[in-house]
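UniProt numbering numbers the first residue of the sequence shown as 1 and each following residue consecutively.
Each residue gets a CB set at the ideal place from its N, CA and C atoms; glycine is no exception.
Computed from a predicted model, the values in this text were never measured in an experiment.
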Amino acid sequence: MARMGVVVPAHNEEQHLPECLRSLCRAADHARGLGHEVTLVVVLDSCRDRSAAIAAEHGVTVVSMAAANVGMARHAGVLALPAGIDWLAFTDADTCVPDTWLSHQHGFGTEAVCGGVHLNQWQRLSPDLRARYLTHRRQNLKRQHIHGANLGISMAAYQRLGGFRPLRCHEDVDLIERHLAAHGSMTWAPELRVMTSARCHARAPEGLGALLYALEYAQPEPSPSARDAG
1 MARMGVVVPA HNEEQHLPEC LRSLCRAADH ARGLGHEVTL VVVLDSCRDR SAAIAAEHGV
61 TVVSMAAANV GMARHAGVLA LPAGIDWLAF TDADTCVPDT WLSHQHGFGT EAVCGGVHLN
121 QWQRLSPDLR ARYLTHRRQN LKRQHIHGAN LGISMAAYQR LGGFRPLRCH EDVDLIERHL
181 AAHGSMTWAP ELRVMTSARC HARAPEGLGA LLYALEYAQP EPSPSARDAG
């Protein structure tokens, strides 16, 4: 059985963090029922809201920092895990995972796993934005999408790669691209989906929120690596 560590970076996420942590606690309980050990870490990066109190209420390990850098936040969460962790799972604070998320990630048996995303509150998006987003997805069907909200990697592979780099965006794409360049084993699992926020105000400069904003206001799309991440 595995010893799993789950890392969630958060920046002023009091609106979404409670539901995120409830879903992660359910996923952790499911994995523990199968004999796995699970540690949950929330990394509070430059938070000024109630995120710290919410994390404390759920009994998870909390790391506080003021880097405003998601790559540094994810790596800090890994460093806060206890010794002996052999599987790392990453998601975002505006995301909810299914109960079987951890067990399915680890069950693929490869060194890394990239899953898919569904957008929450889809119907609240304008019809034009929904149409543009679906068009974007159809145009990129042949691409393998990398989402920091749904990513798993073995601790051994993570350490060989040197972990996340201190990037303000695309830290997830960078990690997986380096893993693939090193010929690491990989599972692309679009069917293993999480539910993530459809907000258009971006936390990462060129992440999913930035893509939705660009589509909503007909701005030039983010860079190719951001499109892959979105």
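For residue j and residue i, believed in contact at Cβ under 8 angstroms, the rounded distance
i: L161; j: L175; result: 6 angstroms
i: S154; j: D86; result: 6 angstroms
i: L44; j: S64; result: 5 angstroms
i: V70; j: R168; result: 7 angstroms
i: A93; j: P9; result: 7 angstroms
i: G116; j: P190; result: 4 angstroms
i: H36; j: M1; result: 5 angstroms
i: L102; j: V38; result: 7 angstroms
Residue i - containing alpha helix (DSSP H), residue span
i: I176; result: 171-181
i: C20; result: 17-33
i: V78; result: 70-79
i: S103; result: 101-107
Alpha-carbon spacing of residue i relative to residue j, whole angstroms
i: H58; j: I146; result: 28 angstroms
i: P222; j: E14; result: In this prediction, P222 has a pLDDT of 49, which is less than 50 and means its spatial position is unreliable; what the coordinates show is noted afterwards. C-alpha separation (whole angstroms): 27 angstroms.
i: G163; j: V113; result: 15 angstroms
i: T91; j: V7; result: 7 angstroms
i: A53; j: N12; result: 12 angstroms
i: L141; j: F108; result: Here the model assigns L141 a pLDDT of 47, short of 50, so the residue's position is not dependable and the matter cannot be decided.
i: G152; j: R48; result: 29 angstroms
i: D228; j: T61; result: Only weak support exists for where D228 lies, its pLDDT of 45 falling under 50; the value from the coordinates is given anyway. Cα-Cα distance, rounded: 31 angstroms.
i: V173; j: G148; result: 8 angstroms
i: S46; j: Q144; result: 31 angstroms
i: A67; j: S185; result: 32 angstroms
i: A156; j: E19; result: 30 angstroms
i: H104; j: R50; result: 32 angstroms
i: L17; j: A28; result: 16 angstroms
i: L21; j: M72; result: 21 angstroms
i: A83; j: A55; result: 22 angstroms
i: H118; j: D99; result: 15 angstroms
i: C25; j: L180; result: 31 angstroms
i: G5; j: A182; result: 23 angstroms
i: N120; j: N150; result: 15 angstroms
i: E171; j: R165; result: 6 angstroms
i: C96; j: R3; result: 21 angstroms
i: L79; j: Y158; result: 12 angstroms
i: E177; j: L81; result: 24 angstroms
i: T187; j: G33; result: 24 angstroms
i: L40; j: H75; result: 14 angstroms
Local conformation of residue i per DSSP, three classes
i: R160; result: helix
i: S185; result: coil
i: L167; result: coil
i: E57; result: helix
i: residue 257; result: There is simply no residue 257 to check, as the chain begins at 1 and stops at 230 in what is shown.
i: A93; result: coil
i: A52; result: helix
i: P190; result: strand
i: E37; result: strand
i: S64; result: strand
i: P9; result: strand
i: D86; result: coil
Element boundaries [beta strand (DSSP E), containing residue i]
i: A112; result: 112-119
i: G152; result: 151-154
Cβ-heavy atom distance, residue i to the ligand FMN, below 6 angstroms
i: G152; result: Among the components modelled here there is no ligand, and therefore nothing to report on the ligand FMN.
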